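The numbering of the sequence shown is the numbering used here, which starts it at 25 and goes up by one.
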Amino acid sequence: MFKVLFISYYFPPMGLSGVQRSLKFAKYLKQFDWEPTVLTTVDTSYYAHDYSLLKEAETAELNIVRVDGKHINLKLGKKKEIKMPREFIRKTLSNLSKVFFIPDNKIGWSNAAYIKAKEILSKEKFDLIYVTCPPFSSFMTAAKLKKDFGLPLFVDYRDLWNGNQFSFVPTPYHKIKHKNYEYASLKAADRVVVINRRIKERILKQYPFLTFDNVSIIPHGFDPEDFENAVKINKPNNKLIMTYSGIFYENITPKYFIKAFKKLTKERPDVAANYELHFVGYFRKENQKLVNKLGLQEFFRDHGYLNHNDSITRLITSDVLWMMVGDTKSAETISTSKLFEYFGSKKPVLGCVPDGAAKTALEEYRASFITPPDDIEAIYNMLIKINDLYKRKMLPSPNEEFVEKHNRVILTEQLVKQFQFFLKEE
25 MFKVLFISYY FPPMGLSGVQ RSLKFAKYLK QFDWEPTVLT TVDTSYYAHD YSLLKEAETA
85 ELNIVRVDGK HINLKLGKKK EIKMPREFIR KTLSNLSKVF FIPDNKIGWS NAAYIKAKEI
145 LSKEKFDLIY VTCPPFSSFM TAAKLKKDFG LPLFVDYRDL WNGNQFSFVP TPYHKIKHKN
205 YEYASLKAAD RVVVINRRIK ERILKQYPFL TFDNVSIIPH GFDPEDFENA VKINKPNNKL
265 IMTYSGIFYE NITPKYFIKA FKKLTKERPD VAANYELHFV GYFRKENQKL VNKLGLQEFF
325 RDHGYLNHND SITRLITSDV LWMMVGDTKS AETISTSKLF EYFGSKKPVL GCVPDGAAKT
385 ALEEYRASFI TPPDDIEAIY NMLIKINDLY KRKMLPSPNE EFVEKHNRVI LTEQLVKQFQ
445 FFLKEE
């Protein structure tokens, strides 16, 4: 069996969508004769924890090595759950962090991970190093390990490094440092994996020394086991259940959807009365205040943060799912992991998205209703259309072939083929 050092800061028991890709790759690698040793952080403070995902990792008998390190989450004390602050405060703190930490505030953990990884690689024979980003400081760590041990290095970009939707570059000095760090890290990498074509195009444009074949696309996906094991809840009535799963931050906001629904209650109360709007994740206080201000409480159901199994149950119990991507910088490169889990449910999706990777995926899925993210009138009209199709039992069915392409088992096999092809080249 081949062995890969699998570096992923975000990993269970941390929750939220950032851990899914790493967990599922690690889980299924063994099916293809690759044994991962996962190098991750200790059970640290975070916005959400999901111990059902940790149990999944343990059931898969993953070898998990946890590293303590001087990073900001460990400075927040013994309290495991960090309360999600108001968006203005969260963004201010995030930007302040980016002033002092380059490339990110996980640099302390990444330095500790480097020391631990050297110890692991010195004791055991490994065939390859894999690192998933963000945080991008861990990519720098992996690049140093490549230099030290001469092992092939694969890097997985879940977001752009330079110019992503969350980037804040306070000074020219910061800009130069980020660019130089990414350049040096990519020079060390043997293969680059990205989640969509738009990110691939941006990286190739930014770094011409990379060839087309140096960068592979392996999209986000869904785990069929999650849906096979989920228990559907019987609906108490015939209302149309529309569900959003995830959190709201930056330009990912429900305010346009909420305002469109308010318009629906005023102009088509008969249609509005047929909707139940469910939210799984963190529905912020400022979002709830808007709902209250517009008098829409009777239509909204806030379930709070649920573990992954219960979240899947909510998806399959819904009639239509809703997602949005804000029209922000680099929006065309965003294809959120939640969208592909939606695809796994095979439910119709209302996608309020700009042009880009998410819109392209929704179009290929076919069972989709697409509007611009901030067009209240378009969202209002689409809600009417969806209700009409629901009443007539004519909601669209997905492209099954497209859905199956995003099965996590198949995606892991694609990653393994990349591993094997490179080793064969060597």
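C-beta atoms are modelled at their ideal positions from N, C-alpha and C, and glycine is treated no differently.
If you're wondering where the values come from, they're calculated on a predicted model, not measured in any experiment.
- Distance, Val89 Cα to Thr65 Cα: The residue given as residue 65 occupies position 41 in the sequence shown. The residue given as residue 89 occupies position 65 in the sequence shown. If I take the Cα positions, the gap works out to 8 Å.
- Item | Spatial distance of Asp237 from Asn405 (CA atoms) | Along the sequence shown, one-based indexing puts residue 237 at 213. Along the sequence shown, one-based indexing puts residue 405 at 381. About 43 Å.
- Task: May I have the straight-line CA-CA distance separating Thr337 from Pro248, to the nearest angstrom?
- Result: Position 313 of the sequence shown, counted from the first residue, corresponds to residue 337. Position 224 of the sequence shown, counted from the first residue, corresponds to residue 248. Rounded to the nearest angstrom, the two C-alpha atoms are 13 Å apart.
- When the distance is taken between beta carbons, is Gly368 closer than 9 Å to Leu386? In the sequence shown, counting from the first residue as 1, residue 386 sits at position 362. In the sequence shown, counting from the first residue as 1, residue 368 sits at position 344. No, they are not a contact pair.
- In whole angstroms, what separates the C-alpha of His198 from that of Ser191? Counting from one through the sequence shown, the residue named residue 198 turns up at place 174. Counting from one through the sequence shown, the residue named residue 191 turns up at place 167. Between His198 and Ser191, the C-alpha separation is close to 11 Å.
- Check whether Asn459 and Pro159 have beta carbons under 9 Å apart: Since the displayed the chain opens at 25 and closes at 450, residue 459 lies outside it and no answer follows.
- Message: Using the Cβ count rule (16 or more neighbours within 10 Å means buried), how would you classify Tyr75?
- Response: Taking the sequence shown and counting its residues from 1, the one referred to as residue 75 is at position 51. Looking at its Cβ environment, which holds fewer than 16 other Cβ atoms inside 10 Å, Tyr75 is exposed.
- Comparing alpha-carbon positions, which option in Tyr205, Lys149 and Gln230 lies nearest Pro127? Counting from 1 along the sequence shown, the entry for residue 127 is found at position 103. Nearest of Tyr205, Lys149 and Gln230 to Pro127, Cα basis: Tyr205.
- Message: Going by DSSP in three states, Gly270 sits in which element: helix, strand or coil?
- Response: Here residue 270 corresponds to residue number 246 of the sequence shown, with the count starting at 1. Residue state for Gly270 is assigned as strand, using DSSP reduced to three classes.
- Do Ser269 and Val304 have their C-beta atoms within less than 9 Å of each other? Within the sequence shown, the letter at position 245 stands for residue 269. Within the sequence shown, the letter at position 280 stands for residue 304. Their beta carbons are under 9 Å apart, which means Ser269 touches Val304 by this criterion.
- Query: For Met38, which residues of its own chain have a beta-carbon under 7 Å away from its beta-carbon, when the five flanking residues on both sides are left out?
  - Reply: For this step, residue 38 is matched to residue 14 along the sequence shown. For Met38, where only same-chain residues beyond five positions count, the Cβ hits under 7 Å are Tyr70 and His73.
- Task: Below 8 Å on the Cβ atoms is my guess for Asp67 versus Met25; work out the distance and round it to an integer in Å.
- Result: Here the question's residue 67 lines up with position 43 in the sequence shown. Here the question's residue 25 lines up with position 1 in the sequence shown. Not quite, the Cβ-Cβ distance comes to about 28 Å (not below 8 Å), so this is no contact.
- Can you name, in chain order, every residue of its own chain whose Cβ lies under 6 Å from the Cβ of Ser41, other than the five neighbours on each side? If you number the sequence shown from 1, residue 41 lands on position 17. Hits under 6 Å: Ser361 and Lys362.
- Apart from the five residues on each side of it in sequence, which residues of its chain come closer than 7 Å, Cβ to Cβ, to Lys103? Locating residue 103 in the sequence shown gives position 79, where the first residue counts as 1. For Lys103, the pLDDT reaches just 49, beneath the cut-off of 50, and the residue's location in the model is therefore unreliable, leaving the point undetermined.
- With a threshold of 16 other CB atoms inside 10 Å of the CB of Ala50, please say whether the residue is buried or exposed. Within the sequence shown, the letter at position 26 stands for residue 50. It is buried - the Cβ of Ala50 has at least 16 other Cβ atoms within 10 Å.
- Query: Counting only beta-carbon atoms, is Ile126 nearer than 9 Å to chain D?
  - Reply: Looking for chain D here will not work: only one protein chain is present.
- Message: Tell me which residues share the same chain as Val91 and place their Cβ nearer than 6 Å to its Cβ, disregarding the 5 neighbours each side in the sequence.
- Response: Numbered from its first residue, the sequence shown carries residue 91 at position 67. Within the same chain, Val91 has close Cβ partners Ala136, Ala137 and Lys140.
- Item | 6 Å Cβ shell around Phe307 - same chain, five flanking residues per side excluded | The residue labelled residue 307 in the question sits at position 283 within the sequence shown. Answer for Phe307: Asp326, listed in chain order.
- Could you give the C-beta distance for Asn298 and Lys263, rounded to a whole number, given that I count them as a contact under 8 Å? As a position in the sequence shown, residue 298 is number 274, starting the count at 1. As a position in the sequence shown, residue 263 is number 239, starting the count at 1. At roughly 6 Å, the Cβ-Cβ gap stays under 8 Å, so Asn298 and Lys263 are in contact.
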